[in-house]
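**Student:**
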Amino acid sequence: MKKKPEELSVDKAAQEMLKLAEKEGYDTAWERLDAQGAQCKFGRLGTCCRNCTMGPCRVGPVGEGSRKGVCGADADTVVARNLIRMIAAGAAGHSDHARRPAKLLKEVAEGKNKDYQIRDEEKLKAVAARFGIVIEGESIRDIALLLSEIALNDFGNQDDAPIAFLKAYAPGSRISVWEKAEKALRDQTGKEMGILPRSIDREVVEVMHRTHIGVDNDPLSLLVQGVRTALGDGWGGSLIATELQDILFGTPKLRQIESNLGVLKADEINIVVHGHEAILSEKIVEVSNLPEMMDAAKKSGAAGINVVGMCCTGNEILMRHGIPIAGNALHQELAVISGAVEAMVVDVQCIFPALSSLASCFHTKFISTSDQAGFPGATHIQFEEGRATEIAKEIVTMAISNFANRNKERVYIPDIRETAIVGFSVEQILAALGGSPEPLLDAVKAGKIRGIVGIVGCNNPKVKQDSFHLGLVKELIKNDVLIIGTGCWAIAAAKAGLMNLKAIDLCGPGLAGVCKSLNIPPCLHMGSCVDCSRMLVLAGALAEALGVDISDLPLVGSAPEWMSEKAVSIGTYFMASGMPVHLWPVPPILGGKEVTSILTEGIKDLVGGYFFVEEDPVKTARLMLESIDDKRKALGI
Ligand code: SF4
Ligand code: MSK
1288 MKKKPEELSV DKAAQEMLKL AEKEGYDTAW ERLDAQGAQC KFGRLGTCCR
1338 NCTMGPCRVG PVGEGSRKGV CGADADTVVA RNLIRMIAAG AAGHSDHARR
1388 PAKLLKEVAE GKNKDYQIRD EEKLKAVAAR FGIVIEGESI RDIALLLSEI
1438 ALNDFGNQDD APIAFLKAYA PGSRISVWEK AEKALRDQTG KEMGILPRSI
1488 DREVVEVMHR THIGVDNDPL SLLVQGVRTA LGDGWGGSLI ATELQDILFG
1538 TPKLRQIESN LGVLKADEIN IVVHGHEAIL SEKIVEVSNL PEMMDAAKKS
1588 GAAGINVVGM CCTGNEILMR HGIPIAGNAL HQELAVISGA VEAMVVDVQC
1638 IFPALSSLAS CFHTKFISTS DQAGFPGATH IQFEEGRATE IAKEIVTMAI
1688 SNFANRNKER VYIPDIRETA IVGFSVEQIL AALGGSPEPL LDAVKAGKIR
1738 GIVGIVGCNN PKVKQDSFHL GLVKELIKND VLIIGTGCWA IAAAKAGLMN
1788 LKAIDLCGPG LAGVCKSLNI PPCLHMGSCV DCSRMLVLAG ALAEALGVDI
1838 SDLPLVGSAP EWMSEKAVSI GTYFMASGMP VHLWPVPPIL GGKEVTSILT
1888 EGIKDLVGGY FFVEEDPVKT ARLMLESIDD KRKALGI
């Protein structure tokens, strides 16, 4: 029997739009999941291989006994290969994102790009100082050039040394954990198994090489390469994206925003920017505020231009400019169904191809902009950094002209929005604490804050939208756990009011006291998917201030409604940085007993972190609290 909207999402705006979708017959991700019927068991267990044309092979427990692939690969080999290909794809997404700001910073420094500037010189100097770049007496452009070259070198460095960003940011104690793990693996197996990433691109390429038929068939060796690739993402690609975007566009500062579909405006031209990169959306925001654009909008009969975000492109401009956010991953189709969107402008990642045909049912222009992301049926306007302002004007102008095509009778915007305090970059968290992590550590030591949980990730129609995100958070803050997070989790928390000061009422007494004294909510929005690197940097700063390793801290990670391969990479680099990491839904690994055992148990001895899965938010919180309390006990606090 078909599920009711209330069973598909806890979000009231989504429920309203799902009712409308059903009435009008619009297809959504929930409908399409339903239409899939029972999903393939081999796919779910991770035991389907099509890495060569002797297959595809379905391996593992089949009827009586265990079947191998044509080449002889067993279930653990296939599961490990499939998993690390997911990690490689996720790491590639983040790192390819990072390449753009790295190249752009170089072009700005060389004076070749006049469309962008260095907006945060202080951050540039602070980042450069980590690499020993001389700042005194040097020009901003010279400093930026040296930094951009270090960043770009981390993508393709061919010597075997660890990447520069990891060495400059990861605490020394953590680097020695990884070095010891490499030695232990060598002693135990006689085989080299590197954990420290040598270059961001190389580790992704090496995953593809090793998982080609007949190369690496050892589950442990494959998984260690997966860890190395993920670390090249977290302490490499993602970190480069975060730091260089801060330098180019400004480091996020605290501000209040509005969230959910109610941010769309019935009398204005609505432009939704969706995807992950900040480079184009920064310009759309800038250009839409130009007097010439405002005049054109007025002439078209609109009261103004309303730029709103969706998913992580939305998180980028929300953190830096206070732009409202219309929703997280499962809201993308619902925004179009409002009939009030003149243009949905997309860059890369997490953009449903379904948007093309859905937009064609409305006047909405679905505009793709990246050479890397094609959408049949979309209007393509190729973005180029060197003509950014001109292209952004073209896009905004197209949206303005499209206002005349809006059918007012088909407009339905749910009157649902919520305020959120956002902008918690590491710099802002430290500023809120008076400049040092000490007050936060004092609150942790005193038990006012029992622990910290970092939550990331997506929506997945297999999980009632936002229900796990919110159920988990409510249980944790009730137990004095501070929450930090990014991505679609952060948007879920914003929509539910968990990022405003009213949420303090839901906290245990210790956390409530800390939040009141600092005037902050109990859930801190740290940005987009690549900004998970901010959480690593914060964890590293706390560990260093306390003189311990990250794995000693009462920290836990979670991706409670994950769906994207990037979430696998993020979960892996959190785990490899020393944290227990919760996942739901279950990743496709259960078909490999050895792989499951390594990831949930064996890996702990090597890197301090491990994965666990749990379907129930309250039970998940309980498991997290057990881990937090064990860590507190070991620290003697
Ligand atoms: Fe089958 Fe082996 Fe080819 Fe995979 S690599 S499809 S298991 S024969
Ligand atoms: S957008 S990766 S659905 S968090 Fe970053 Fe959301 Fe997950 Fe994409």
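According to this note's numbering, the stretch in the sequence shown is residues 1288 to 1924, in order.
By construction, the Cβ of each residue, glycine as well, lies at the ideal position given by its N, Cα and C atoms.
1) Name the DSSP bridge partner or partners of Asn1557?
2) Assign Glu1603 to buried or exposed, taking buried as 16 or more other Cβ atoms, counted over all protein chains shown, within 10 Å of its Cβ.
3) Taking 8 Å as the threshold (C-beta atoms), are Leu1507 and Ile1876 in contact?
4) Between Glu1373 and the rest of its own chain, which residues show a CB-CB distance below 7 Å, the 5 nearest in sequence each way excluded?
5) Leaving out five residues before and five after Glu1738 in sequence, what residues of the same chain have Cβ atoms less than 6 Å from its Cβ?
6) Any heavy atom of the ligand SF4 closer than 7 Å to the CB of Val1357?
7) Along the chain, which unbroken stretches of the beta strand (DSSP E) at least 3 residues long are found entirely within the region 1823-1852?
8) I need the straight-line Cα distance from Thr1684 to Asp1533, nearest angstrom please.
9) Helix or strand or just coil, what does DSSP make of Arg1649?
10) Kindly list the residues whose CB is nearer than 8 Å to the CB of Cys1327, restricted to its own chain and excluding five residues on each side of it in sequence; keep chain order.
11) Return helix, strand or coil for His1812, following the three-state DSSP convention.
12) Please return the same chain residues whose Cβ sits closer than 6 Å to the Cβ of Val1560, not counting the five positions on each side in sequence.
13) How should Val1494 be labelled, buried or exposed, when 16 other C-beta atoms within 10 angstroms of its C-beta is the threshold for buried?
14) Going along the chain, which residues of its own chain have a beta-carbon closer than 6 Å to the beta-carbon of Lys1299, five neighbours each way excluded?
15) Does DSSP put Thr1706 in a helix, a strand or coil?
16) Could you check what DSSP says for Phe1899 in three-state terms: helix, strand or coil?
17) For the beta strand (DSSP E) that contains Val1801, what are its first and last residues?
18) Compare the Cα-Cα distances from Ile1708 to each of Ser1688, Pro1539, Pro1808 and report the closest residue.
19) Quick check: what's the CA-CA separation for Lys1880 versus Asp1520?
20) How long is the line joining the alpha carbons of Thr1666 and Ile1654, rounded to whole angstroms?
21) Are the Cβ atoms of Thr1706 and Gln1512 separated by less than 8 Å?
22) In terms of alpha-carbon separation, which member of Asp1753, Val1346, Val1366 lies closest to Val1357?
23) Based on the DSSP secondary-structure assignment, which residues constitute the bridge partners of Leu1870?
24) Buried or exposed for Asp1446, going by 16 or more other Cβ atoms inside 10 Å?
25) Between which residues of its own chain and Ala1783 is the CB-CB distance below 6 Å, once the five residues before and five after are set aside?
26) With a threshold of 8 Å, are at least 3 pairs of Cβ atoms found where one atom belongs to the region 1605-1612 and the other to the region 1637-1651?
27) Among the residues of its own chain, which have a CB less than 6 Å from the CB of Ala1451, if the five just before and after it don't count?
28) From the DSSP output, in three-state form, read off Pro1348 for me.
29) If you drop the 5 nearest sequence neighbours on each side, which residues of the same chain put their C-beta closer than 8 Å to that of Pro1484?
30) When you measure from the CB of Pro1599 to every non-hydrogen atom of the ligand MSK, does any distance come out below 7 Å?
31) Considering only their Cβ atoms, is the gap separating Ser1820 from His1264 smaller than 8 Å?
32) Considering only heavy atoms of the ligand SF4, does any lie closer than 7 Å to the CB of Asn1338?
33) Is the beta carbon of Ala1431 less than 8 Å from the beta carbon of Leu1392?
34) Mind checking which residues open and close the alpha helix (DSSP H) that includes Gln1543?
35) Out of Cys1810, Met1850, Ile1857, state which residue places its alpha-carbon closest to the alpha-carbon of Arg1331.
36) Can you name the start and end residues of the alpha helix (DSSP H) that Gly1330 belongs to?
**Tutor:** Looking at the atomic coordinates:
1) Position 270 of the sequence shown, counted from the start, is the residue given in the question as residue 1557. Partner(s): Asn1593, Val1628.
2) If you number the sequence shown from 1, residue 1603 lands on position 316. Under this definition Glu1603 is a buried residue.
3) If you number the sequence shown from 1, residue 1876 lands on position 589. If you number the sequence shown from 1, residue 1507 lands on position 220. Their beta carbons are not under 8 Å apart, which means Ile1876 does not touch Leu1507 by this criterion.
4) Mapped onto the sequence shown, residue 1373 falls at position 86. Residue identity check: residue 1373 is Met in the sequence provided, not Glu. Same-chain partners within the cutoff: Glu1852, Val1855.
5) Within the sequence shown, residue 1738 is the residue found at index 451, counting from 1. Before going on, a small fix: residue 1738 reads as Gly here, not Glu. For Gly1738, where only same-chain residues beyond five positions count, the Cβ hits under 6 Å are Val1768, Pro1841, Ile1915.
6) In the sequence shown, residue 1357 corresponds to position 70, counting from 1. Result yes, Cβ under 7 Å from the ligand SF4.
7) 1842-1846
8) Mapped onto the sequence shown, residue 1684 falls at position 397. Mapped onto the sequence shown, residue 1533 falls at position 246. Taking the straight line from one Cα to the other gives about 28 Å.
9) As a working note, residue 1649 is residue 362 in the sequence shown. Reading off the sequence shown, one finds Phe at residue 1649, where the question assumed Arg. Coil.
10) Position 40 of the sequence shown, counted from the first residue, corresponds to residue 1327. Around Cys1327: Cys1335.
11) Counting from one through the sequence shown, the residue named residue 1812 turns up at place 525. Residue state, collapsed to three classes: strand.
12) The sequence position of residue 1560 within the sequence shown is 273, counting from 1. These residues qualify, in order along the chain: Ser1568, Ile1571, Gly1596, Thr1600, Val1632.
13) On the sequence shown, position 207 is the one that residue 1494 refers to. It is buried - the Cβ of Val1494 has at least 16 other Cβ atoms within 10 Å.
14) Position 12 of the sequence shown holds residue 1299. Contacts found: Ile1703.
15) For the purposes of this step, residue 1706 is taken as residue 419 along the sequence shown, with counting starting at 1. Strand at Thr1706.
16) As a position in the sequence shown, residue 1899 is number 612, starting the count at 1. In the structure shown, Phe1899 sits in a strand (DSSP, three-state: E or B).
17) The sequence position of residue 1801 within the sequence shown is 514, counting from 1. That residue, Val1801, is in no beta strand (DSSP E); its alpha helix (DSSP H) goes 1796-1805.
18) Translated into positions along the sequence shown, residue 1708 becomes position 421. For Ile1708, the nearest C-alpha among the options comes from Pro1808.
19) Indexing the sequence shown from 1 puts residue 1880 at position 593. Indexing the sequence shown from 1 puts residue 1520 at position 233. About 27 Å.
20) As a position in the sequence shown, residue 1666 is number 379, starting the count at 1. As a position in the sequence shown, residue 1654 is number 367, starting the count at 1. If you take the alpha carbons of Thr1666 and Ile1654, they lie about 5 Å apart.
21) Sequence index remark: in the sequence shown, residue 1706 carries index 419 (1-based). Sequence index remark: in the sequence shown, residue 1512 carries index 225 (1-based). No; because the gap between Cβ atoms is not below 8 Å, this pair is not in contact.
22) Walking along the sequence shown from the start, residue 1357 turns up at place 70. The shortest C-alpha separation from Val1357 is found at Val1346.
23) Translated into positions along the sequence shown, residue 1870 becomes position 583. In DSSP, Leu1870 forms a bridge with Ala1846, Val1900.
24) The sequence position of residue 1446 within the sequence shown is 159, counting from 1. Exposed.
25) Residue numbering aside, residue 1783 sits at position 496 when the sequence shown is read from its first letter. Result list for Ala1783: Leu1757, in chain order.
26) no
27) The sequence position of residue 1451 within the sequence shown is 164, counting from 1. So the list reads Ile1437, Asp1441, once near-sequence residues are dropped.
28) Numbered from 1 along the sequence shown, position 61 holds the residue referred to as residue 1348. Pro1348 falls in the strand class under three-state DSSP.
29) Stepping through the sequence shown from its first residue, residue 1484 is reached at position 197. Excluding sequence neighbours, Pro1484 sits near Pro1449, Ile1450, Leu1453, Glu1490, Arg1515, Thr1516, Leu1518, Gly1519, Trp1522, Gly1523.
30) Numbered from 1 along the sequence shown, position 312 holds the residue referred to as residue 1599. Correcting the residue identity first, residue 1599 is Cys in this sequence and not Pro. Yes, since a heavy atom of the ligand MSK falls inside the 7 Å radius drawn around the Cβ of Cys1599.
31) As displayed, the chain neither begins before 1288 nor continues past 1924, which places residue 1264 out of reach and without an answer.
32) Residue numbering aside, residue 1338 sits at position 51 when the sequence shown is read from its first letter. Correct: Asn1338 has its Cβ closer than 7 Å to the ligand SF4.
33) Residue numbering aside, residue 1431 sits at position 144 when the sequence shown is read from its first letter. Residue numbering aside, residue 1392 sits at position 105 when the sequence shown is read from its first letter. Yes, the pair counts as a contact, with Cβ atoms nearer than the cut-off.
34) For this step, residue 1543 is matched to residue 256 along the sequence shown. Per DSSP, Gln1543 belongs to no alpha helix (DSSP H); it is in the beta strand (DSSP E), 1542-1546.
35) On the sequence shown, residue 1331 is found 44 positions in, with the first residue counted as 1. Selected option, being the one with the closest Cα: Met1850.
36) Counted from its first residue, the sequence shown places residue 1330 at position 43. Run containing Gly1330: 1328-1332, per the alpha helix (DSSP H) assignment.
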